[in-house]
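Colleague: Quick mapping for you: the protein sequence lines, in order, are chains X, W and F. Numbering-wise, the first sequence is residues 1 to 139 according to UniProt numbering. Numbering-wise, the second sequence is residues 1 to 330 according to UniProt numbering. Numbering-wise, the third sequence is residues 1 to 563 according to UniProt numbering. Ideal Cβ positions, reconstructed from N, Cα and C, are used throughout, including at glycine. From a predicted model like this one, the values you see are computed outputs, not experimental measurements.
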Amino acid sequence: MEKIRVLIAKVGLDGHDRGAKVLARFLRDAGFEVIYTGLHRTPQEVARAAVDEDVDVVGISILSGAHIPLVPRVIQYIREYGGNPDEILILVGGTIPHDDFPKLKEAGVDGIFIPGTPISEIIRFIKEELPKKRMGKSK
Amino acid sequence: MNVEELVEGILSKKRRFLARAITLVENEHPESKEVLRRIYPRTGNAHVIGITGFPGVGKSTIVSKLTEEFRKRGKSVGIVAVDPSSPFTGGALLGDRLRLEGADVNKNLWLDENVFFRSMGSRGRLGGIAKKTGDVVKLLDAAGYEKILVETVGAGQSEVGILEVADTVVVILMPETGDDIQVNKAGILEIGDIFVINKADLEGAENVERWLKYMLSLDEETVMELSKLSHADEVKLMQKLKWKKPVLKTIADRGIGIKELANEIERHYEVLKKNGILQEKRREKAKLSALELAIEEIRAEIAKRYKDLLDREMDPYTLADRIVKEVLKC
Amino acid sequence: MGELTEKINEKRREWEKECLEPWLSKSEREIKKFETLSGIEIADIYDPSDIAHIDFLRDIGYPGQFPFTRGVYPTMYRGRLWTMRLFSGFGTAEDTNRRWKMLLEEGETGLSTAFDFPTLMGLDSDDPLADGEVGKCGVAVDTLKDFEILFDGIPLDKVSTSFTINPPAGIILAMYTAIGDMQGVPRDKIRGTIQNDMFKEFHAQNTIVLPPEPSLKIIVDIFEWGVKNVPKFNLISISGYHIREAGSTAVQELAFTIADGMAYVEAAIERGIDIDKLAPQLSFFFNAHNDFFEEIAKFRAARRMWAKIMKDIYGAKDPRSWWMKFHVQTAGCTLTAQQPLNNIVRVTIQALAAVLGGCQSLHTNSFDEAWALPSEEAVRVALRTQQIIAYESGVANVVDPLAGSYYVEWLTDKIERLAWKYIEKIREMGNGSMVKGVLKGIENGFFVREISDSAARYQKEIEEGSRIIVGVNKFKIEEDLRIPLLKVDPEVQRRQIERLRKVKAERDNKAVKENLEWIRSCCENNENVMPAVFEAVKSYATIGEIMGVFKQVYGTYRKPIII
Chain X
1 MEKIRVLIAK VGLDGHDRGA KVLARFLRDA GFEVIYTGLH RTPQEVARAA VDEDVDVVGI
61 SILSGAHIPL VPRVIQYIRE YGGNPDEILI LVGGTIPHDD FPKLKEAGVD GIFIPGTPIS
121 EIIRFIKEEL PKKRMGKSK
Chain W
1 MNVEELVEGI LSKKRRFLAR AITLVENEHP ESKEVLRRIY PRTGNAHVIG ITGFPGVGKS
61 TIVSKLTEEF RKRGKSVGIV AVDPSSPFTG GALLGDRLRL EGADVNKNLW LDENVFFRSM
121 GSRGRLGGIA KKTGDVVKLL DAAGYEKILV ETVGAGQSEV GILEVADTVV VILMPETGDD
181 IQVNKAGILE IGDIFVINKA DLEGAENVER WLKYMLSLDE ETVMELSKLS HADEVKLMQK
241 LKWKKPVLKT IADRGIGIKE LANEIERHYE VLKKNGILQE KRREKAKLSA LELAIEEIRA
301 EIAKRYKDLL DREMDPYTLA DRIVKEVLKC
Chain F
1 MGELTEKINE KRREWEKECL EPWLSKSERE IKKFETLSGI EIADIYDPSD IAHIDFLRDI
61 GYPGQFPFTR GVYPTMYRGR LWTMRLFSGF GTAEDTNRRW KMLLEEGETG LSTAFDFPTL
121 MGLDSDDPLA DGEVGKCGVA VDTLKDFEIL FDGIPLDKVS TSFTINPPAG IILAMYTAIG
181 DMQGVPRDKI RGTIQNDMFK EFHAQNTIVL PPEPSLKIIV DIFEWGVKNV PKFNLISISG
241 YHIREAGSTA VQELAFTIAD GMAYVEAAIE RGIDIDKLAP QLSFFFNAHN DFFEEIAKFR
301 AARRMWAKIM KDIYGAKDPR SWWMKFHVQT AGCTLTAQQP LNNIVRVTIQ ALAAVLGGCQ
361 SLHTNSFDEA WALPSEEAVR VALRTQQIIA YESGVANVVD PLAGSYYVEW LTDKIERLAW
421 KYIEKIREMG NGSMVKGVLK GIENGFFVRE ISDSAARYQK EIEEGSRIIV GVNKFKIEED
481 LRIPLLKVDP EVQRRQIERL RKVKAERDNK AVKENLEWIR SCCENNENVM PAVFEAVKSY
541 ATIGEIMGVF KQVYGTYRKP III
């Protein structure tokens, strides 16, 4: 029985966890296995968890404005620890200005979810994009 | 990653390969069996410790503190935390990792090279979680982790099954003020080697302690009686073991009682080793495991080969007789 | 009275049967059951019989008099408008000083400081954990030097400043006092607020450094010191805003805030502080959320409850001790990233509720804040919103205009009753002590669980469509979401670290070391830390160094996570 494993991470000093916690509940209700990191994790800790738990999706919640440089760092450390960011979905949720979207996408982020995004949309994105990304990779 | 790479990676302690192998086991990937076969010779070195108890007793905190303590004693630690999956949606909230904290901010357990933490969902009653957990433990064992903690909620048959993989089982309780001690209903008392009353500063700690010690002394009396009847083997084992089940008190989030708990866990391991019990138990488990694996495959084969027979409208008892006759003919 | 109520009840029943019934089946709206955001069921109509149990003289009365339901001052906005105080800060002290001067010029009447995350968490800008976060969501402050720049050209006797700061609140208060001293402003003219409310951090906001008990000890130290040294400065802003933002209902926001307030008062009394000396320096901070009448009722209930608590429970003698003065911020969590201009409307309604609720000061959010910190244009609109309400709408020309409304009085009373239930529960958890009850609730996750459940429920309603968010799950458009946003200069971190290095090189490091030692010995001997903190601040010790001493003595705290 396969399950989609999702890591929900709060990285940096940002303490706003309402969204992350609500999302964790809803993803569980949608049939995913959800690992929540808790608050105040460093990029290394998030990457370590992502690799050791061999997750399919890394969801980073950040509302402190520090998404750059923190999110690219998470991706960088995943690679450093032997994980393959090209095989998993990297998602970011929070207060992300539009101008930062290209930078994040370039760093390897697959989806950016602004405040108000219905959770059903996030779930749909994961179910549709994960297999697509993996098929693209297994050449 | 192919089987070669995975096996090589696990045995050279490369975390990425260990993590992927665990996923294959969880997903019952056909390659997982081959991986397990190949790493099997390198297992048997780890001390497997089961940690169980009702939700809220502080299992995760105790796992975290024990990990810290074992690290202080120079041991590498692998942790498997099993959480129940929702029977309706199949999803799970695996919330044990986030409780992994060292008291020293500079000695971060998440980034400790000698700590490996894996969260698992039970994935349903028929998911074979006990077997999977056992396999994951073997992988961690082969990867060289010396102490392997298996954390699971103690409430039900499947969880008890999970704990059969452990050499030492620690049952954690909470103080209770009533007479109707809750944990009595869970059926996990029999499997405990060490009992811990956590949050021991709360009211009701002595109450539970008294009750436990009483139940455990009953256990010994029953044993004496049974020895006079039929359970000679079981009794011989227990007498050989010479292990009186200790009842400890801890206040885990303050680190109180953890050293003593670690000491008892180590002591139990020594007793198991000294009396040859450890080897015996493992041999037993390996036999059972082989039997189960064989039965699984045979069952699948039977369902395939005798599909037509199975589809016949007959009472199941007659049907079973027929199938056995067919099988024995082969 | 009884006979009139009889007649009204009769008329009501007749109305329901003859007039209302036939219309109910024609109802076109999808909702059949009407509730406030907190889940309080709302009847079709309210009449005198609904408030027959409410006594005008006992429960409503007049503004400036017990129980202050109608306002803490007799004249309210007719005498003095609420303070228009916009929370702001970003980048370095120069950047923020510039934005503050612009806001003051545009008509803001009070300052409010937003600090960056490293400062909020008591870390210096050069701390490894601060990397990438310096100046991003507020101003970076490391030493007194930053305050000198922050308040350059801003006379402390002419303006009051609010500081949203919690674990390092005492350090910030010391800095502001030192600036006042430098400017030659008499200590009793220094006005403002430090948020300094750690309980709500444990419940919701998560800016936590030390464990609960030491955090409380330092807060009471600040009370003791502040009452003597800066008697006109609010030493705490007991907050419900963040609790609400984390997803609680209005009732929970009210109940938990008041419970926290009671716990702080008890702790102060335990320390031997004269409650009548301290009370005028206590203030509160609430959220102004979407449900217009519920928010107004909440504010009125809050005042009434606090007055009764201070007078009847804690025996404060001075009527000024019974006043609940509060600041309000419009609800950040209701701002949408989609169709951002809609947020101007939301903020207006929420601000109106705050004004009709009788707040003392108000922050209105900017329409672009679901995306970034406010741009100049957006923050101007936020300020104008308050000014239009104040000068054009007429609502500030009468005190508590909604008093007597059958619905509003009924709802005020209802919310109060529901809040008391929670407070009783918390008191029980503490075996009669509110301090113990709140600490227990923090330890066993009571508050966190309540808030988390409310948040999940709210989201479920949105996902199901039973709760409509305009522009988000209804009335959506295809839109180009790119709007001009404030960008924080990426050089901020480098500049700030450079300044910090310079300050550390040029200060008297021996004095700093001695002062830090003094702080440590105060902690170890359970003495008031503030005098030592004040000296340390004057000698240009950094926030990180001072917090470092506290961390060493008291340890750090990781909150038990409940999802």
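#1: Which runs of the alpha helix (DSSP H) spanning at least 4 residues fall entirely within the segment 15-44 of chain X, listed in chain order?
#2: When the Cα of W/M215 is compared with those of W/G9, W/K242, W/V247, which residue comes out closest?
#3: Buried or exposed: which applies to W/K242, given that a residue is buried once 16 or more other Cβ atoms fall within 10 Å of its Cβ?
#4: Examine chain F for any beta-carbon lying closer than 8 Å to the beta-carbon of W/L109, and answer yes or no.
#5: Between which two residues does the alpha helix (DSSP H) harbouring W/N108 extend?
#6: So, helix, strand or coil for residue 574 of chain F, using DSSP?
#7: Considering F/S452, what are the terminal residues of the alpha helix (DSSP H) in which it resides?
#8: When the distance is taken between beta carbons, is W/V25 closer than 8 Å to W/L140?
#9: Can you pull the chain W neighbours of F/I561, defined as C-beta to C-beta under 8 Å?
#10: So which residues on chain X does W/K217 lean against when the C-beta distance must stay under 7 Å?
#11: Output the distance between the C-alpha atoms of W/L6 and F/Q338, rounded to the nearest integer angstrom.
#12: Mind listing which residues of the segment 527-560 of chain F have their C-beta closer than 7 Å to chain W's C-betas, in chain order?
#13: For the beta strand (DSSP E) containing F/A337, name the first residue and the last one.
#14: List the residues of chain F that X/D110 touches, going by C-beta distances under 7 Å, in chain order.
#15: Mind pulling the chain F residues with CB within less than 8 Å of X/L13?
#16: Would a C-beta distance cut-off of 8 Å place F/V533 and F/I546 closer than the cut-off?
#17: With F/F256 as the anchor, note down where its alpha helix (DSSP H) starts and where it stops.
#18: Any idea which residues DSSP pairs W/R118 with across the strands?
#19: So is X/I126 in contact with chain W if we call contact Cβ pairs under 8 Å?
#20: Pull up the DSSP beta-bridge partners for F/T96, would you.
#21: Threshold first: 3 residues or longer. Then list the beta strand (DSSP E) segments lying entirely within the segment 334-388 of chain F, N to C.
#22: What residues of chain X sit near W/R123, judged by a beta carbon separation below 7 Å?
#23: Looking only at its chain, what residues have a beta carbon closer than 8 Å to the beta carbon of F/N166, apart from the 5 residues adjacent to it on each side?
#24: DSSP beta-bridge partners for F/F233?
#25: Between W/T61 and the rest of its own chain, which residues show a CB-CB distance below 7 Å, the 5 nearest in sequence each way excluded?
#26: Grab the span of the beta strand (DSSP E) containing W/L98 for me, first residue to last.
#27: Where do the N-terminal and C-terminal ends of the alpha helix (DSSP H) with X/V74 fall, by residue?
#28: Whose Cβ in chain W lies nearer than 9 Å to the Cβ of X/Y81?
#29: Which word fits X/E45, buried or exposed, when buried means at least 16 other C-beta atoms lie within 10 angstroms of its C-beta?
#30: In three-state DSSP terms, what is F/M305?
#31: Judging by CA-CA distance, which residue of F/F90, F/W100, F/K325 is the nearest neighbour of F/E108?
#32: Determine contact between the segment 280-292 of chain W and the segment 85-100 of chain W, defined as no fewer than three beta-carbon pairs at a distance below 8 Å.
#33: Check this for me: beta carbons of X/I119 and X/V92, under 8 Å apart or not?
#34: Tell me, please, whether the segment 243-261 of chain F touches the segment 417-432 of chain F by the rule of three or more beta-carbon pairs shorter than 8 Å.
#35: Could you list which residues in chain F have their beta carbon closer than 9 Å to that of X/F26, in chain order?
#36: Starting from X/F113, find everything on chain W with Cβ-Cβ shorter than 8 Å and list it in chain order.
Modeller: So, from the listed chains and residues:
#1: 18-29
#2: Residue mapping note: residue 215 of chain W aligns to position 215 of the second sequence, counting from 1. That would be W/V247, whose Cα lies nearest to the Cα of W/M215.
#3: Locating residue 242 of chain W in the second sequence gives position 242, where the first residue counts as 1. Answer is exposed; the Cβ neighbour count stays below 16.
#4: Counting from one through the second sequence, the residue named residue 109 of chain W turns up at place 109. Look at W/L109: its C-beta is not under 8 Å from any C-beta on chain F.
#5: For the purposes of this step, residue 108 of chain W is identified with residue 108 of the second sequence, where counting begins at 1. No alpha helix (DSSP H) contains W/N108, which DSSP labels as neither H nor E.
#6: The structure shown has nothing for residue 574 of chain F, since chain F only spans 1 to 563.
#7: Locating residue 452 of chain F in the third sequence gives position 452, where the first residue counts as 1. Here the alpha helix (DSSP H) through F/S452 covers 446-464.
#8: Along the second sequence, read from residue 1 onward, the residue named residue 140 of chain W stands at position 140. Along the second sequence, read from residue 1 onward, the residue named residue 25 of chain W stands at position 25. For W/L140 and W/V25, no; Cβs fall outside 8 Å.
#9: To locate residue 561 of chain F, count along the third sequence from 1; it is residue 561. G95, L98, R99, listed in chain order.
#10: For the purposes of this step, residue 217 of chain W is taken as the residue at position 217 of the second sequence. Lys is not the amino acid found at residue 217 of chain W; the sequence shown has Ser there. The contacting residues do not exist; W/S217 stays about 42 Å from chain X at best.
#11: Position 6 of the second sequence, counting from 1, holds the residue named residue 6 of chain W. Position 338 of the third sequence, counting from 1, holds the residue named residue 338 of chain F. Cα to Cα, W/L6 sits roughly 47 Å from F/Q338.
#12: T556, R558
#13: The residue you call residue 337 of chain F lines up with position 337 of the third sequence. Counting along the chain, F/A337 falls outside any beta strand (DSSP E), and DSSP gives it neither H nor E.
#14: By one-based count along the first sequence, residue 110 of chain X stands at place 110. Those within 7 Å of X/D110 in chain F number zero; the least Cβ separation is about 19 Å.
#15: Taking the first sequence and counting its residues from 1, one reaches residue 13 of chain X at position 13. The answer, in chain order, is F117, P118, L120, M121, L123, L129, A130, E133.
#16: If you number the third sequence from 1, residue 533 of chain F lands on position 533. If you number the third sequence from 1, residue 546 of chain F lands on position 546. Taking 8 Å as the Cβ cut-off, F/V533 and F/I546 qualify as a contacting pair.
#17: Looking up residue 256 of chain F in the third sequence gives position 256. Element bounds for F/F256: 250-271.
#18: Mapped onto the second sequence, residue 118 of chain W falls at position 118. Answer is W/V80.
#19: What you label residue 126 of chain X is simply residue 126 of the first sequence in a count that begins at 1. Chain W, which has no Cβ nearer than 8 Å to the Cβ of X/I126, makes this no.
#20: By one-based count along the third sequence, residue 96 of chain F stands at place 96. Looking at the DSSP assignment, F/T96 forms no beta bridge with any residue, so it has no partner.
#21: The qualifying runs are 361-363.
#22: The sequence position of residue 123 of chain W within the second sequence is 123, counting from 1. Correct list: M1, K3.
#23: What you label residue 166 of chain F is simply residue 166 of the third sequence in a count that begins at 1. Taken in chain order, the residues that qualify are L120, Q195, N196, D197, M198, E201, Q205, T207.
#24: Your numbering for residue 233 of chain F matches position 233 in the third sequence. F/F233 pairs with F/G192.
#25: Indexing the second sequence from 1 puts residue 61 of chain W at position 61. Once the five neighbours on either side are set aside, the close Cβ partners of W/T61 are R99, A252, D253.
#26: To locate residue 98 of chain W, count along the second sequence from 1; it is residue 98. From DSSP, W/L98 is part of no beta strand (DSSP E); its letter is neither H nor E.
#27: For the purposes of this step, residue 74 of chain X is identified with residue 74 of the first sequence, where counting begins at 1. 67-80 is the extent of the alpha helix (DSSP H) around X/V74.
#28: For this step, residue 81 of chain X is matched to residue 81 along the first sequence. Under the 9 Å cutoff, chain W gives R15, R16.
#29: Walking along the first sequence from the start, residue 45 of chain X turns up at place 45. Its Cβ being crowded by 16 or more others within 10 Å, X/E45 is buried.
#30: Translated into the one-based positions of the third sequence, residue 305 of chain F becomes position 305. Residue state, collapsed to three classes: helix.
#31: Within the third sequence, numbered from 1, the residue matching residue 108 of chain F stands at position 108. Considering only alpha carbons, the answer is F/W100.
#32: no
#33: Taking the first sequence and counting its residues from 1, one reaches residue 119 of chain X at position 119. Taking the first sequence and counting its residues from 1, one reaches residue 92 of chain X at position 92. No, the Cβ-Cβ distance between X/I119 and X/V92 is not below 8 Å.
#34: Yes, the segment 243-261 of chain F touches the segment 417-432 of chain F.
#35: Taking the first sequence and counting its residues from 1, one reaches residue 26 of chain X at position 26. Per Cβ cutoff of 9 Å: A456, Q459, K460, E463.
#36: Numbered from 1 along the first sequence, position 113 holds the residue referred to as residue 113 of chain X. None at all; the shortest Cβ gap to chain W is about 19 Å.
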